[in-house]
Amino acid sequence: MRIILIGFGTVGKSVCELLIERKEELVKKHGFEPRVIAITDTKGAVIDEKGLDLKDVLEAKKKSSVANIPEKGIEGKSSKEVIEELDAEVVIETTPTDIESGEPAMSHIETAFKTKKHIITANKGPFAIAYPALMDLAKYNNKMLKFSAAVGGGTPMLEFGKKCLEADRITQIDGILNGTTNYILSEMDQKGISFDQALQQAKELGYAEADPKLDINGSDAAAKLVIMANFLLGKEITLKDLEIEGITNITSEDIVEAKKENKIIKLVARIGDTEKEKPCVKPIKLERTDPMAVLGALNSVKFVSEFAGEEIIIGKGAGGHETASSILRDLLDIKNNMMV
Ligand code: HSE
């Protein structure tokens with residue numbers, strides 16, 4: 647399988663590291679030999695249609711852009727041109743999220759479809775503003791659009807809701823869907839550090855978006871809720887249908903106050919299957935003993951369904967390798983579907 651990798655930041659690099667680490671296992675267990683033929687970053691691309699040596703590219707990236715790699719690097723070559731010009735089965739898209747325009751991921755998805763390639767993306771922007779239209783486009787082009795990395799990092803939240811609850815009916819979803827804000831609120835609660843200190847740490851740990859405003863103003867969690875609403879509840883909504891409040895106004899005093907009541911503040915995303923309540927993202931005080939009230943960068947989602955009742959899935963929701971593992975899962979899914 648020939649792969650084009652768009653974007654070479656935390657997630658893009660982690661995808662390569664995982665492909666190197668899991669090389670033998672992928673062949674042995676899945677008969678799968680992925681070949682990355684191009685990688686792009688903001689300055690250009692590196693291309694080898696026989697397959698790039700990922701170790702070399704990762705090493706070179708430590709010093710400068712992939713575009714500067716001798717012989718194979720091309721300065722100024724855009725991601726769109728690479729997708730248009732190369733023959734490949736799959737595009738993996740890992741550019742930073744823009745919640746207003748959905749770009750550049752939106753154009754990458756469209757270009758992949760136009761040139762008959764499947765696409766995997768961890769980018770929430772395009773889905774937040776145009777989930778229903780994107781699904782139509784995938785169907786029209788008869789190509790797969792996979793996005794399990796966009797929700798829950800490495801934790802299969804979407805798959806759990808979709809596959810495990812297939813014969814049940816989900817009536818409500820409550821989720822802590824943003825690792826960065828959960829990390830900030832947890833550190834403020836547990837260690838008494840300031841909002842800014844905790845945010846700085848979340849950036850250093852690779853949890854935060856390239857633009858961390860998206861984390862703290864609630865947009866990232868909201869985009870994930872839009873994806874869950876469409877994918878799991880069949881609701882054709884976009885970001886504008888949500889009430890969104892982030893954690894920018896939460897002070898150390900609020901955290902202490904909640905603690906006195908034996909509660910803990912969490913940024914919760916909520917949607918029900920009826921129209922009674924508008925889907926929302928907002929800071930809520932949970933009981934400290936609530937199993938949903940996970941700490942650190944963990945995510946948790948409570949699915950309420952007609953027959954199973956309440957089920958909570960907890961796992962790592964942010965981080966390079968965590969997200970890359972979901973991308974790899976999507977890749978295997980595409981490989982298996984292509985064989986059918
Ligand atoms: N910035 C996101 C988060 C990354 O903190 O959850 C994973 O989507």
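Sequential numbering of the sequence shown, starting at 647, is according to the working numbering.
Where a beta carbon is used, it is the ideal one built from N, C-alpha and C, also for glycine.
query: Distance, Cα to Cα, D782 vs N876?
result: Within the sequence shown, the letter at position 136 stands for residue 782. Within the sequence shown, the letter at position 230 stands for residue 876. Separation of D782 and N876 (C-alpha to C-alpha, rounded to the nearest whole angstrom) is 13 Å.
message: Only counting the same chain, and skipping five residues up and downstream in sequence, which positions put a Cβ closer than 8 Å to that of S725?
response: Against the sequence shown, residue 725 aligns to sequence position 79. The beta carbon of S725 sits closer than 8 Å to those of I652, G653, T686, A691, T741, P750, H754, all from its chain and outside the five residues before and after it, given in chain order.
- prompt: Should D857 be listed as close to the ligand HSE, given that the test is whether its C-beta is under 7 Å from any heavy atom?
  reply: The sequence position of residue 857 within the sequence shown is 211, counting from 1. No, the Cβ of D857 stays beyond 7 Å of every heavy atom of the ligand HSE.
- request: For N895, collect the residues of the same chain with a Cβ closer than 6 Å to its Cβ; drop the 5 residues on either side in sequence, then sort them by chain order.
  value: The count along the sequence shown starts at 1 and reaches residue 895 at position 249. Shown here for N895: not one same chain residue has a beta carbon closer than 6 Å to its own, the five before and five after excluded.
field: Beta-carbon separation (whole angstroms), V736 vs L977, contact threshold 8 Å
entry: Locating residue 736 in the sequence shown gives position 90, where the first residue counts as 1. Locating residue 977 in the sequence shown gives position 331, where the first residue counts as 1. Between the beta-carbon of V736 and that of L977 there is about 7 Å, and that keeps the pair under the 8 Å contact cut.
query: Going by beta carbon distance, what residues of the same chain come within less than 8 Å of E721, once the five residues before and after it are set aside?
result: Locating residue 721 in the sequence shown gives position 75, counting from the first residue. These residues qualify, in order along the chain: K689, G690, S711, A713, N714.
message: Checking 8 Å against the spacing of the C-beta atoms, do A856 and V927 come in under that value?
response: Along the sequence shown, one-based indexing puts residue 856 at 210. Along the sequence shown, one-based indexing puts residue 927 at 281. Annotated as distal: A856 and V927, with beta-carbon spacing of 8 Å or more.
heavy atom of the ligand HSE below 7 Å from D866 C-beta: Start at 1 with the first residue of the sequence shown, and residue 866 comes out as number 220. Checking every heavy atom of the ligand HSE against the Cβ of D866, one is found closer than 7 Å.
contact_flag[the segment 963-971, the segment 798-806] where n(CB pairs < 8 Å) is 3 or more: Between the segment 963-971 and the segment 798-806 there are three or more inter-stretch CB-CB distances shorter than 8 Å, so the stretches are counted as touching.
query: If you draw a straight line from the alpha carbon of S972 to that of L944, how long is it in whole angstroms?
result: Within the sequence shown, numbered from 1, the residue matching residue 972 stands at position 326. Within the sequence shown, numbered from 1, the residue matching residue 944 stands at position 298. Taking the straight line from one Cα to the other gives about 15 Å.
field: Top-ranked residue by Cα proximity to T826, from D820, T817, E903, G864
entry: Position 180 of the sequence shown, counted from the start, is the residue given in the question as residue 826. Per the Cα distances, G864.
field: Reference Y853, options V657, L878, T767, K762, closest by Cα
entry: Residue 853 sits at position 207 when you count from the first residue of the sequence shown. Scanning V657, L878, T767, K762 for the CA closest to the CA of Y853 turns up V657.
message: Quick check: is any heavy atom of the ligand HSE less than 7 Å from the C-beta of D976?
response: Here the question's residue 976 lines up with position 330 in the sequence shown. For the ligand HSE, not one heavy atom lies less than 7 Å from the Cβ of D976.
field: For R681, the residue or residues it bridges with in DSSP
entry: Taking the sequence shown and counting its residues from 1, one reaches residue 681 at position 35. DSSP, once it has assigned bridges, lists R648 as partnering R681.
Assigned secondary structure, L823 (DSSP; H/G/I helix, E/B strand, else coil): One-based indexing of the sequence shown puts residue 823 at position 177. If DSSP states are grouped into helix, strand and coil, L823 belongs with coil.
- prompt: Can D861 be considered in contact with the ligand HSE, in the sense that its beta carbon sits closer than 7 Å to one or more heavy atoms?
  reply: Walking along the sequence shown from the start, residue 861 turns up at place 215. Here the distance from the Cβ of D861 to the nearest heavy atom of the ligand HSE is below 7 Å.
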